[in-house]
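Asker:
Protein chains: 2
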Amino acid sequence: MTVPQHTEDLIRGAVEGHRRWLARAITLVEARVPGFGEALSEVGVRRRTGPGAPHVIGLTGPPGAGKSSFVDRLITCARAEGRTVAVVAVDPSSPFSGGAILGDRVRMERHTGDDGVFIRSLSSRGHLGGLSTATGEVVDLLDACGFDVVVVETVGVGQSELGVMEVADTSVVVLTPESGDTVQTMKAGLLEIADIFVVNKADRAGARRLANHLARSVELGGGPWVAPVFTASASEGWGVDEVVASAREHAAWCAGEGVEHWRRRRGDALVRLYLDLVAGRARTRALDALDADLERSIRQMELTPYRAAARVQ
Amino acid sequence: MTVPQHTEDLIRGAVEGHRRWLARAITLVEARVPGFGEALSEVGVRRRTGPGAPHVIGLTGPPGAGKSSFVDRLITCARAEGRTVAVVAVDPSSPFSGGAILGDRVRMERHTGDDGVFIRSLSSRGHLGGLSTATGEVVDLLDACGFDVVVVETVGVGQSELGVMEVADTSVVVLTPESGDTVQTMKAGLLEIADIFVVNKADRAGARRLANHLARSVELGGGPWVAPVFTASASEGWGVDEVVASAREHAAWCAGEGVEHWRRRRGDALVRLYLDLVAGRARTRALDALDADLERSIRQMELTPYRAAARVQ
Chain B
1 MTVPQHTEDL
11 IRGAVEGHRR
21 WLARAITLVE
31 ARVPGFGEAL
41 SEVGVRRRTG
51 PGAPHVIGLT
61 GPPGAGKSSF
71 VDRLITCARA
81 EGRTVAVVAV
91 DPSSPFSGGA
101 ILGDRVRMER
111 HTGDDGVFIR
121 SLSSRGHLGG
131 LSTATGEVVD
141 LLDACGFDVV
151 VVETVGVGQS
161 ELGVMEVADT
171 SVVVLTPESG
181 DTVQTMKAGL
191 LEIADIFVVN
201 KADRAGARRL
211 ANHLARSVEL
221 GGGPWVAPVF
231 TASASEGWGV
241 DEVVASAREH
251 AAWCAGEGVE
261 HWRRRRGDAL
271 VRLYLDLVAG
281 RARTRALDAL
291 DADLERSIRQ
301 MELTPYRAAA
311 RVQ
Chain W
1001 MTVPQHTEDL
1011 IRGAVEGHRR
1021 WLARAITLVE
1031 ARVPGFGEAL
1041 SEVGVRRRTG
1051 PGAPHVIGLT
1061 GPPGAGKSSF
1071 VDRLITCARA
1081 EGRTVAVVAV
1091 DPSSPFSGGA
1101 ILGDRVRMER
1111 HTGDDGVFIR
1121 SLSSRGHLGG
1131 LSTATGEVVD
1141 LLDACGFDVV
1151 VVETVGVGQS
1161 ELGVMEVADT
1171 SVVVLTPESG
1181 DTVQTMKAGL
1191 LEIADIFVVN
1201 KADRAGARRL
1211 ANHLARSVEL
1221 GGGPWVAPVF
1231 TASASEGWGV
1241 DEVVASAREH
1251 AAWCAGEGVE
1261 HWRRRRGDAL
1271 VRLYLDLVAG
1281 RARTRALDAL
1291 DADLERSIRQ
1301 MELTPYRAAA
1311 RVQ
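Just so you know, the sequences run in chain order B and W.
With the numbering used here as the guide, the letters of the first sequence map in order to residues 1 to 313.
With the numbering used here as the guide, the letters of the second sequence map in order to residues 1001 to 1313.
Right, dumping it as structure tokens:
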């Protein structure tokens, strides 16, 4: 079957279950092809206003923290219950050269024969900040495709990476005993975003200390959901199932007692996506309108970037 | 002397040498007060199209890598030559809560009595991605104020942090022997941005191996400037002066043999700043136009973010 030329047809095919069309549609998001979101709206974004499928789980953490082990286990558990899973591995590759460096996907490869599992990386070929928007669009697409669980994995714990996590219902932050510096720098952001903390590689020194520090910080922060802090050693095979179970508990909390909190956070994310889309469209229009004369004037400072930007309506 | 109410007067006062007004003007940038850039254009952005003062030096690296030691030494060396220095410490605090976590500034405090030194932190209270734009504006302001050297220090090596570095003439990436994972994840971005690599805390195991790995990668990458790779131990007091000297050499290269490369990179940064400003203005306008009805429609998904964004011109 040939892949359709029109975005709307492509999305419709993806929603009907054609995996190759789904992959192609994600490539359009990656390339920031204009009109994708509107086409998705025509076909039907589900993005529910009450909790329900899919359960969107975000995982973030420094490189080498062992996130893939948790993703692997999330897939296995969901499949054992007959639920379908899509994984988006957000690639923190250079925004400058567009080079892609994916982490170890070997572990996940054993799911590739399974039709109920879809795994795809999403790289940041676009400009800075566009990754959150792209991730939001991909999650909406996977939602429309009817996946029961969507996992968004992103490497790193900088500002951009935490921004990507906003799309998730349940955010899991995976650290290691060596992540003290990261915690110190990004603490406020981590406490804001994390629903579950994991100190992985906990067979190493310092794990208990970091876990205690996080637990105290979480308690001080208060809030309607007090993020549990787990220690685990994915390589030694302990602690992983507890984290997966906790993600399920958080999903249940979002659908029950915590529904108002969930609704507010989801609403915030939608409003932010709207604002980011407006900004992204303006940037694209300005780039399209950047003729050789204007570009030369800016490069040679005949026109300051400030005056040039003020001219655009 | 009272602080003026109008942005233009405030900038004029800062340019005339009133440090308190300069500090206030930077607060306006931080708060993303509209019209700052245009006011700066009126007073006179210098942002030169050929190399010259100020030499803008960017330093980035993971938390705890010892960047402050290098900043301290850069200040001392510049002052010994009678050159004035401004330092902008870009704060990677949470974009969600706006909490500020500054690194150890104790070392720099001994410069606070010196009128030729201006030190200021810049936090990311605004939205994601706005930090690069704000940093560009602050550097332009410090340029207009006539500083000979401007140092931009930012913590972290994620996408946002490398984006901040685009404003620099000379980018120094400070790592530690433990930064192997960071290098693995952000390698393409690091190679693109770094003019100088430093493996600090080189008294620890693995320093030589990381330095050799970086040196090989730099050579493979080619390019008109082959970034030197230094090892140093700022705490033990060796290797720091070599890095400072190398930054001076890179500045000289930018003004001579490498001027075309410098001009292209500077032009790219100006065009990017223009596009970022356009996007930021559109976002601000959309936020201002977000009335209660529209916000409710988006939050409740009566209107998808995609359709809502498509309506904005």
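For every residue, glycine included, the Cβ atom is placed at its ideal position computed from N, Cα and C.
Everything numeric in this text was worked out from a predicted model, so none of it was measured.
1. Use the C-beta contact count for residue 1182(W): other C-beta atoms within 10 angstroms, 16 or more gives buried, fewer gives exposed.
2. Which residues in the same chain have their Cβ closer than 7 Å to the Cβ of residue 1305(W), if we skip the five residues on either side of it in sequence?
3. Check distances from the C-beta atoms of the segment 288-301 of chain B to those of chain W and list, in chain order, the residues that come in under 8 Å.
4. Mind checking residue 95(B): buried by the 16 CB within 10 Å criterion, or exposed?
5. Can you tell me whether residue 6(B) is buried or exposed, with buried defined as 16 or more other CB within 10 angstroms of its CB?
6. With 7 Å as the C-beta to C-beta threshold (strictly closer), list the residues of the segment 1144-1157 of chain W near chain D in chain order.
7. Can you tell me whether residue 262(B) is buried or exposed, with buried defined as 16 or more other CB within 10 angstroms of its CB?
8. Assign residue 1170(W) to one of two classes, buried (16 or more other C-beta atoms within 10 Å of its C-beta) or exposed (fewer than that).
9. Could you spell out where the beta strand (DSSP E) holding residue 1073(W) opens and where it closes?
10. Which word fits residue 1235(W), buried or exposed, when buried means at least 16 other C-beta atoms lie within 10 angstroms of its C-beta?
11. Give the DSSP-derived three-state secondary structure of residue 959(W) in the structure shown.
12. Look at the Cβ atom of residue 1088(W), then the Cβ atom of residue 1122(W), and state whether they are nearer than 8 Å.
13. So which residues on chain B does residue 1041(W) lean against when the C-beta distance must stay under 7 Å?
14. Please classify residue 40(B) as buried or exposed, where buried requires at least 16 neighbouring CB atoms within 10 angstroms.
15. How about residue 198(B) and residue 167(B): are their beta carbons less than 8 Å apart?
16. At the level of alpha carbons, what is the spacing between residue 290(B) and residue 274(B)?
17. Against chain B, with Cβ distances strictly below 8 Å, would residue 1181(W) count as a contact?
18. Closer than 8 Å between beta carbons: that is the criterion. Which residues of the segment 1221-1246 of chain W meet it against chain B?
19. Can you list the residues of chain B that residue 1281(W) reaches, using a CB-CB cut of under 7 Å?
20. Check whether the Cβ atoms of residue 1228(W) and residue 1204(W) sit closer than 8 Å, and answer yes or no.
21. Are residue 1070(W) and residue 1152(W) touching if we call contact CB-CB under 8 Å?
22. Between residue 1178(W) and chain B, is there a C-beta pair that is closer than 8 Å?
23. Going along chain B in order, which residues have a C-beta closer than 7 Å to the C-beta of residue 1271(W)?
24. Applying the 10 Å Cβ sphere with the 16-neighbour rule, what's the burial state of residue 224(B)?
25. Using a 10 Å radius around the Cβ and a threshold of 16 neighbouring Cβ atoms, would you call residue 1158(W) buried or exposed?
26. From what residue to what residue does the alpha helix (DSSP H) around residue 299(B) run?
27. Are the segment 1281-1288 of chain W and the segment 278-285 of chain B touching by the rule of at least three beta carbon pairs closer than 8 Å?
28. Taking 8 Å as the CB-CB limit, is residue 286(B) close to chain W?
29. Please state the DSSP three-state secondary structure of residue 1171(W).
30. Identify whether residue 230(B) lies in helix, strand or coil by the three-state DSSP scheme.
31. Is there at least one Cβ from chain B nearer than 8 Å to residue 1005(W)'s Cβ?
32. Which residues in chain W have a C-beta closer than 9 Å to the C-beta of residue 37(B)? List them in chain order.
33. From this set, 148(B), 174(B), 271(B), 136(B), which residue's C-alpha is nearest residue 117(B)'s C-alpha?
34. In the structure shown, what three-state DSSP assignment does residue 1289(W) receive?
35. If you follow the beta strand (DSSP E) that residue 1035(W) is in, where does it begin and where does it stop?
36. Pop quiz: residue 1053(W) and residue 1120(W) are said to be a contact at Cβ under 8 Å. What is the actual Cβ separation, rounded to whole angstroms?
Answerer: For this structure:
1. Here residue 1182(W) corresponds to residue number 182 of the second sequence, with the count starting at 1. By the neighbour-count criterion, in which 16 or more other beta carbons inside 10 Å mark a residue as buried, residue 1182(W) falls on the buried side.
2. As a first step, residue 1305(W) must be located in the second sequence, where it is residue number 305. Counting only Cβ-Cβ distances below 7 Å, and skipping sequence neighbours, we find 1298.
3. So the list reads 290, 295, 298, 299, 300, 301, given in the order they occur along the chain.
4. For the purposes of this step, residue 95(B) is taken as residue 95 along the first sequence, with counting starting at 1. With a pLDDT of only 44 at residue 95(B), under 50, the local geometry of the prediction cannot be trusted, and no value is derived from it.
5. In the first sequence, counting from the first residue as 1, residue 6(B) sits at position 6. So residue 6(B) ends up on the exposed side.
6. Given the protein chain composition of this structure (B and W), no chain D is represented.
7. Working through the first sequence from its first residue, we reach residue 262(B) at position 262. Buried, because 16 or more other Cβ atoms sit within 10 Å of the Cβ of residue 262(B).
8. Residue 1170(W) sits at position 170 when you count from the first residue of the second sequence. When all chains shown are included, residue 1170(W) counts as buried.
9. Reading the second sequence from its first residue, position 73 is the one you call residue 1073(W). Unbroken run through residue 1073(W) is the alpha helix (DSSP H), 1067-1080; no beta strand (DSSP E).
10. On the second sequence, position 235 is the one that residue 1235(W) refers to. Burial call: exposed.
11. This structure cannot speak to residue 959(W), because chain W is shown only from 1001 to 1313.
12. Residue mapping note: residue 1088(W) aligns to position 88 of the second sequence, counting from 1. Residue mapping note: residue 1122(W) aligns to position 122 of the second sequence, counting from 1. Yes.
13. Along the second sequence, one-based indexing puts residue 1041(W) at 41. Those are 304, 306, 307, listed as they occur along chain B.
14. Within the first sequence, the letter at position 40 stands for residue 40(B). Answer is buried; the Cβ neighbour count reaches 16.
15. The count along the first sequence starts at 1 and reaches residue 198(B) at position 198. The count along the first sequence starts at 1 and reaches residue 167(B) at position 167. Residue 167(B) is positioned such that its CB atom lies no closer than 8 Å to that of residue 198(B).
16. Looking up residue 290(B) in the first sequence gives position 290. Looking up residue 274(B) in the first sequence gives position 274. Rounded to whole angstroms, residue 290(B) to residue 274(B) spans 24 Å at the Cα level.
17. Walking along the second sequence from the start, residue 1181(W) turns up at place 181. Cβ-Cβ to chain B under 8 Å: yes for residue 1181(W).
18. Answer in chain order: no residues at all.
19. Counting from 1 along the second sequence, the entry for residue 1281(W) is found at position 281. Here the neighbours are 309.
20. In the second sequence, residue 1228(W) corresponds to position 228, counting from 1. In the second sequence, residue 1204(W) corresponds to position 204, counting from 1. No, Cβ-Cβ distance for residue 1228(W) and residue 1204(W) is not below 8 Å.
21. To locate residue 1070(W), count along the second sequence from 1; it is residue 70. To locate residue 1152(W), count along the second sequence from 1; it is residue 152. No, the pair does not count as a contact, with Cβ atoms beyond the cut-off.
22. On the second sequence, residue 1178(W) is found 178 positions in, with the first residue counted as 1. It does; some Cβ of chain B falls within 8 Å.
23. Here the question's residue 1271(W) lines up with position 271 in the second sequence. By Cβ distance, chain B contributes 295, 298, 299.
24. Indexing the first sequence from 1 puts residue 224(B) at position 224. Result: exposed.
25. Looking up residue 1158(W) in the second sequence gives position 158. Per the 10 Å Cβ criterion, buried.
26. Mapped onto the first sequence, residue 299(B) falls at position 299. 292-299 is the span of the alpha helix (DSSP H), which, as asked, contains residue 299(B).
27. Taking one beta carbon from each stretch, the segment 1281-1288 of chain W and the segment 278-285 of chain B have 3 or more pairs nearer than 8 Å; the two touch.
28. In the first sequence, the residue the question calls residue 286(B) occupies position 286. At a cut-off of 8 Å between C-beta atoms, residue 286(B) counts as an interface residue with respect to chain W.
29. The sequence position of residue 1171(W) within the second sequence is 171, counting from 1. Strand, per DSSP.
30. For the purposes of this step, residue 230(B) is identified with residue 230 of the first sequence, where counting begins at 1. Residue 230(B) carries a strand assignment under DSSP once its states are collapsed to helix, strand and coil.
31. Sequence index remark: in the second sequence, residue 1005(W) carries index 5 (1-based). Not flagged as an interface residue toward chain B: residue 1005(W), since no C-beta distance is shorter than 8 Å.
32. Locating residue 37(B) in the first sequence gives position 37, where the first residue counts as 1. Those are 1304, 1305, 1306, 1307, 1309, 1310, listed as they occur along chain W.
33. One-based indexing of the first sequence puts residue 117(B) at position 117. Among 148(B), 174(B), 271(B), 136(B), the Cα nearest to that of residue 117(B) is on 148(B).
34. Within the second sequence, residue 1289(W) is the residue found at index 289, counting from 1. In the structure shown, residue 1289(W) sits in coil (DSSP, three-state: anything other than H, G, I, E or B).
35. Position 35 of the second sequence holds residue 1035(W). Looking at the DSSP string, residue 1035(W) is not in any beta strand (DSSP E), and its letter there is neither H nor E.
36. On the second sequence, residue 1053(W) is found 53 positions in, with the first residue counted as 1. On the second sequence, residue 1120(W) is found 120 positions in, with the first residue counted as 1. Rounded to the nearest angstrom, the Cβ distance from residue 1053(W) to residue 1120(W) is 19 Å, too far for a contact under 8 Å.
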